[in-house]
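Residue numbers for the sequence shown follow the numbering used here, beginning at 1 and rising by one.
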Amino acid sequence: MPISTYEYAKICQTRRFEAFEFREGRIWLKKRSDKRCIFTFPFLGQWLCGLQNEKPHVCRMWPFRVADRPLYSREERARYEGSEWTGYVYVDPRCPRLIYGKPTFKFMRRVVEEFVQIATRRISHQNCSTASESFAFSGFSLTRTT
Ligand code: SF4
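Listed below in C-alpha cells is the structure:
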C-alpha cells in the first residue's frame with residue numbers, strides 16, 4: 001500500500017530501507033512472498049503488525065474510509081453522528097474478515113469513534129481499533145489481524 005513521504009522518512013529512522021519499493025511515483029510497503037506486508041509477523045496464532053505506533057495512516061484506517069460528504073449510495077446508512085464530528089463512515093468490502101451483522105454499542109461508541117478521530121487527525125494512537133478486537137459495524141462485524 002502507498003504511504004506518504006513523511007511516513008516513509010519516519011519509518012526509515014528505525015526500520016530497513018529495503019522494506020519499501022518505489023513505483024508509479026509513490027512509496028509502497030513491500031510484500032513478502034506470501035503476499036503479506038513485510039512488517040507482519042506471527043504471534044500466538046495470529047498475524048501482528050511490527051510497526052504498531054509507527055503504522056502509516058492508511059493502515060490505521062483499514063478497512064474504514066471516513067468522509068465529510070457521502071461517497072457512495074445508501075448515504076443514510078453510512079451517516080455517523082459522533083461527539084465532535086458528523087460525516088460518513090464506510091467499510092472496504094475487500095477486507096476478508098468482514099462479517100455482516102448488527103453493530104454492538106461498544107463498537108459504535110468506542111471503535112468507530114476512534115477511527116473517526118484518527119481520520120480527522122484528532123488522535124493518532126490506536127487503542128480499541130487494532131489487533132484482535134472483535135468489531136461489529138453498521139451491518140458488518142469483523143475481526144482485525146493487522
Ligand atoms: S498495519 Fe499491516 S500493512 Fe500496515 S504496516 Fe502494519 S503489517 Fe503492514
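C-beta: ideal position from N, C-alpha, C; glycine also.
In the DSSP assignment, the residues bridged to Arg79 are Tyr88. Met1 has its CB nearer than 8 Å to a heavy atom of the ligand SF4. The beta strand (DSSP E) runs of length 3 or more contained entirely in the region 18-77 are, from start to end of the chain, 20-23, 26-29, 40-43, 46-49, 64-67.
Per DSSP, Ile118 is one residue of the alpha helix (DSSP H) stretching across 113-119.
Taking 9 Å as the cut-off, the beta carbon of Tyr90 is found closer than this to the beta carbon of Leu71. When distances are taken from the beta-carbon of Trp28 to the heavy atoms of the ligand SF4, even the shortest one reaches 8 Å or more.
The way I'd put it, the region 79-98 doesn't touch the region 38-55; fewer than three beta-carbon pairs between them come closer than 8 Å.
Within 10 angstroms of the beta-carbon of Ile123 lie fewer than 16 other beta-carbons, which makes it exposed. Residue pairing of Ile3 in beta bridges, as defined by DSSP: Ile27. When the five nearest sequence neighbours on each side are left out, the beta carbons in the same chain lying within less than 7 Å of the beta carbon of Arg60 are those of Ile118, Gln126, in order along the chain.
By the C-beta density criterion, Trp62 is buried, having at least 16 other C-beta atoms within 10 angstroms. DSSP places Ile99 inside the beta strand (DSSP E), whose first and last residues are 98-101.
Excluding five sequence positions before and after Glu113, the CB atoms of its chain that fall closer than 8 Å to its own CB belong to Gly82, Ser83, given in chain order.
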